[in-house]
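Numbering (mature numbering (1 follows the signal peptide of the UniProt record, and there is no 0)), first residue to last: -20 to -1, 1 to 194.
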């Protein structure tokens, strides 16, 4: 009998087989996408942006237009903060202060303000859910409003401090041993009419099991 089609797609993807040369990708270059089950769909997908090799996302920050705007776009951008495993919190010890870290973003729109870094007290970001408002017809569309992210495959979550409109998606979480390491955002370009800015996001998980156990 034929193998199910998803097996034919997923197995080579997980093995990291590259077409052409037949060489394997390094294990750390394989990325597992986290797709949300509830989001709006206006705009274009921006570039994929990844933490530098050996670092992973332990904190995030949202760019949000506040609720007072006449044409409110709500979320305009998402930034990830990346660190090496030895520099994040663990076993009751908080993340190191003043250590090397990197920031990555995909597309960011022009409106709103950055809301301040939200960091995991221990470990890395491992899951996400997003609050999105459905299409409003002739009323003001805002699309993505807020993010909540999970730390360390645990019950501990951090809210991004966005706006309150809309409904939460389900949680999308990295497999155990994999942590968030990259991002791609779907953002609507500025128009003359009703702007929504950021609509959707894909976070990427990297296999960090070897790094975390080192």
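Glycine included, C-beta positions come from ideal geometry on N, C-alpha and C.
Check	Outcome
Note down the Cα distance separating residue 188 from residue 144, rounded to an integer number of angstroms.	33 Å
Using a Cβ-Cβ cut-off of 7 Å (strictly less than) and excluding sequence neighbours within five positions of residue 25, which residues of its own chain qualify?	164, 166
Which one of 66, 99, 157, 149 has the shortest CA to CA distance from residue 282?	Look at the range of the chain in this structure, -20 to 194, and you will see that residue 282 is not part of it.
Look at residue 140 and residue 42 and say whether their C-beta atoms are less than 8 Å apart.	yes
Bridge partners for residue 139 per DSSP, in chain order?	128
Are there 16 or more other CB atoms within 10 angstroms of the CB of residue 21, so buried, or fewer, so exposed?	exposed
Whole angstroms are fine: how far does the CA of residue 97 sit from the CA of residue 112?	21 Å
Write down every uninterrupted run of the beta strand (DSSP E) in the stretch 4 to 81 whose length is 3 residues or greater and which is fully enclosed by it, in chain order.	11 to 14, 36 to 44, 55 to 63
For the alpha helix (DSSP H) that contains residue 112, what are its first and last residues?	Taken as a continuous stretch (DSSP letters only), residue 112 belongs to no alpha helix (DSSP H), being part of the beta strand (DSSP E) at 105 to 112.
Give the DSSP-derived three-state secondary structure of residue 152 in the structure shown.	strand
Return the first residue and the last residue of the beta strand (DSSP E) that residue 164 is part of.	158 to 167
With which residues is residue 84 paired in a DSSP beta bridge?	60
Which value, in whole angstroms, describes the spacing of the CA atoms of residue 11 and residue 150?	21 Å
Compute the Euclidean distance between the alpha carbons of residue 45 and residue 168, then round it to the nearest angstrom.	14 Å
Going by C-alpha distance, which of 54, 161, 74, 89 is nearest residue 110?	54
With a threshold of 16 other CB atoms inside 10 Å of the CB of residue 125, please say whether the residue is buried or exposed.	buried
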